[in-house]
Amino acid sequence: FAAFGRPKGAFWQLIAGLVFSEQPQPVLLKRLAERYVVQLDSALYLLRIVTRLARQNTGGKQANPERLIDLLLLVKPPTADVKPQDALLLALPQEAKLPNDARCFLSRRRHRREFCSAWRALFVRELPGQSYQRVLQELPQKVLPHSPRPLRYCDLLSDGYNRGGIEALLALKGLFVLMTKHNLECPRFYRQLYALLTLDAMNDEHRQRFAVEVSLFLSSSGLPVYMLAAFAKRLSRIALLSSPTSAALCLALTYNLLVQHPPLRHIIHRPNLRDDDTAVFAGDDPYEADEPEPIETHAIDSSLWE
Numbered sequence: 001f002a003a004f005g006r007p008k009g010a011f012w013q014l015i016a017g018l019v020f021s022e023q024p025q026p027v028l029l030k031r032l033a034e035r036y037v038v039q040l041d042s043a044l045y046l047l048r049i050v051t052r053l054a055r056q057n058t059g060g061k062q063a064n065p066e067r068l069i070d071l072l073l074l075v076k077p078p079t080a081d082v083k084p085q086d087a088l089l090l091a092l093p094q095e096a097k098l099p100n101d102a103r104c105f106l107s108r109r110r111h112r113r114e115f116c117s118a119w120r121a122l123f124v125r126e127l128p129g130q131s132y133q134r135v136l137q138e139l140p141q142k143v144l145p146h147s148p149r150p151l152r153y154c155d156l157l158s159d160g161y162n163r164g165g166i167e168a169l170l171a172l173k174g175l176f177v178l179m180t181k182h183n184l185e186c187p188r189f190y191r192q193l194y195a196l197l198t199l200d201a202m203n204d205e206h207r208q209r210f211a212v213e214v215s216l217f218l219s220s221s222g223l224p225v226y227m228l229a230a231f232a233k234r235l236s237r238i239a240l241l242s243s244p245t246s247a248a249l250c251l252a253l254t255y256n257l258l259v260q261h262p263p264l265r266h267i268i269h270r271p272n273l274r275d276d277d278t279a280v281f282a283g284d285d286p287y288e289a290d291e292p293e294p295i296e297t298h299a300i301d302s303s304l305w306e
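Residue numbers for the sequence shown follow our numbering, beginning at 1 and rising by one.
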């Protein structure tokens with residue numbers, strides 16, 4: 001077993017070659033995933049090697065963050081402790097009983113610890129934009145479910161939101177997971193989402209991804225009607241100024257809001273009334289489009305006449 005972790009060993013040299021490669025190696029990665037990473041011992045040593053390589057400089061050369069991410073995404077820790085008779089090991093012991101130094105391969109806790117250490121070694125690096133976006137995208141589904149303390153990644157996600165643009169959107173996805181599954185208190189989440197919902201965002205090349213995430217965030221049945229009304233009005237206003245493709249996307253999101261949240265439908269047509277209860281259009285929309293706080297936009301008093 002110890003041969004896996006030797007810096008001059010074949011396994012170490014293989015992982016190091018991948019980590020310092022400038023070009024992706026999909027064939028080799030596929031081979032690793034199918035033949036080696038499914039084995040508990042090779043998966044654990046891969047994480048240890050990646051952790052050490054991510055933290056060190058080799059002759060002034062640092063590990064390629066894209067290649068580090070490629071390798072980390074191959075590994076999925078076990079969901080429970082593995083029984084000795086069920087253990088898949090690349091280096092099978094000669095004796096029938098598993099030696100004590102190999103017991104760590106059966107421990108879910110040990111795998112999770114090495115897994116989180118490897119990802120944290122990546123996070124402390126100064127990542128280029130593409131790698132940073134990739135980390136934010138993979139974090140909710142590939143990292144947080146295997147972390148014993150997922151809230152420790154809150155600062156990383158907050159920094160991502162502060163960058164703005166696509167990084168902010170990807171960070172909100174992670175924050176949403178922490179809110180809904182791990183009880184993170186983030187009272188300004190929907191204000192931040194409202195601020196991201198702009199004409200530029202809905203006409204950007206990433207608008208399809210943005211629309212999917214917005215639809216997910218607004219699907220909660222616990223959202224107050226005034227909040228939903230603010231989003232519906234902003235989407236309708238953006239549709240008026242967007243290209244036909246983006247306008248159709250905004251209208252689809254608005255329609256979904258109305259279908260998913262029946263109490264919101266009263267703003268489809270909310271006319272002003274005379275004293276005799278007959279409708280009249282006063283010409284003034286109470287909705288304040290430039291107000292950053294959804295509750296202060298008065299969208300709930302408006303209508304979707306757009």
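Positions of the beta carbon are idealized from the N, C-alpha and C atoms, including for glycine.
Can you grab the Cα-Cα spacing for the pair residue i / residue j, in whole Å?
{"i": "N57", "j": "F20", "result": "11 Å"}
{"i": "V259", "j": "R265", "result": "8 Å"}
{"i": "L170", "j": "R31", "result": "30 Å"}
{"i": "R120", "j": "I69", "result": "12 Å"}
{"i": "Q13", "j": "L72", "result": "17 Å"}
{"i": "L251", "j": "R237", "result": "10 Å"}
{"i": "V212", "j": "S219", "result": "11 Å"}
{"i": "P65", "j": "C154", "result": "21 Å"}
{"i": "Q141", "j": "D284", "result": "46 Å"}
{"i": "V75", "j": "V37", "result": "6 Å"}
{"i": "A79", "j": "T297", "result": "Correcting the residue identity first, residue 79 is Thr in this sequence and not Ala. The alpha-carbon atoms of T79 and T297 are separated by roughly 46 Å."}
{"i": "A54", "j": "L122", "result": "6 Å"}
{"i": "L241", "j": "S107", "result": "57 Å"}
{"i": "Q25", "j": "L157", "result": "29 Å"}
{"i": "S44", "j": "A10", "result": "Checking the displayed sequence, the identity of residue 44 turns out to be Leu instead of Ser. Computed Cα separation, rounded: 16 Å."}
{"i": "F210", "j": "L197", "result": "9 Å"}
{"i": "R109", "j": "H182", "result": "19 Å"}
{"i": "A299", "j": "S243", "result": "24 Å"}
{"i": "G322", "j": "G222", "result": "Outside the displayed span of the chain (1 to 306) sits residue 322, for which this structure offers no information."}
In the DSSP assignment, the alpha helix (DSSP H) including residue i goes from what residue to what residue?
{"i": "Y132", "result": "G129 to E138"}
{"i": "R109", "result": "R108 to F123"}
{"i": "A230", "result": "V225 to L241"}
{"i": "R307", "result": "The structure shown does not extend to residue 307, since the chain spans only 1 to 306, so no value can be given for it."}
{"i": "P286", "result": "Run containing P286: none; DSSP gives neither H nor E here."}
{"i": "W12", "result": "A10 to V19"}
Look up residue i in the DSSP assignment and say whether it is helix, strand or coil.
{"i": "N162", "result": "helix"}
{"i": "R149", "result": "coil"}
{"i": "H266", "result": "helix"}
{"i": "E296", "result": "helix"}
{"i": "N203", "result": "coil"}
{"i": "P78", "result": "coil"}
{"i": "A168", "result": "helix"}
{"i": "I39", "result": "Note on identity: in this sequence residue 39 is Gln, with Ile being the wrong assignment. Three-state result, Q39: coil."}
{"i": "L197", "result": "coil"}
{"i": "G174", "result": "helix"}
{"i": "S246", "result": "helix"}
{"i": "P24", "result": "coil"}
{"i": "S219", "result": "coil"}
{"i": "L258", "result": "helix"}
{"i": "D290", "result": "coil"}
{"i": "E213", "result": "helix"}
Any idea which residues DSSP pairs residue i with across the strands?
{"i": "N57", "result": "Q62"}
Here's a check: name, in chain order, each residue in its chain whose Cβ is nearer than 6 Å to the Cβ of residue i, leaving out the five neighbours to either side.
{"i": "R52", "result": "none"}
{"i": "P294", "result": "Y194, M227 and A230"}
{"i": "L235", "result": "C250, L253 and T254"}
{"i": "L304", "result": "S236, I267 and I268"}
{"i": "H261", "result": "L228"}
For residue i, collect the residues of the same chain with a Cβ closer than 7 Å to its Cβ; drop the 5 residues on either side in sequence, then sort them by chain order.
{"i": "E167", "result": "Y132, Q133, L136 and G160"}
{"i": "N256", "result": "S215"}
Looking only at its own chain, which residues have a Cβ that is under 8 Å from the Cβ of residue i, when we skip the five neighbours before and after it?
{"i": "C186", "result": "L175, L178 and M179"}
{"i": "R191", "result": "P292, E293 and P294"}
{"i": "Q62", "result": "R125"}
{"i": "E288", "result": "E296, T297 and H298"}
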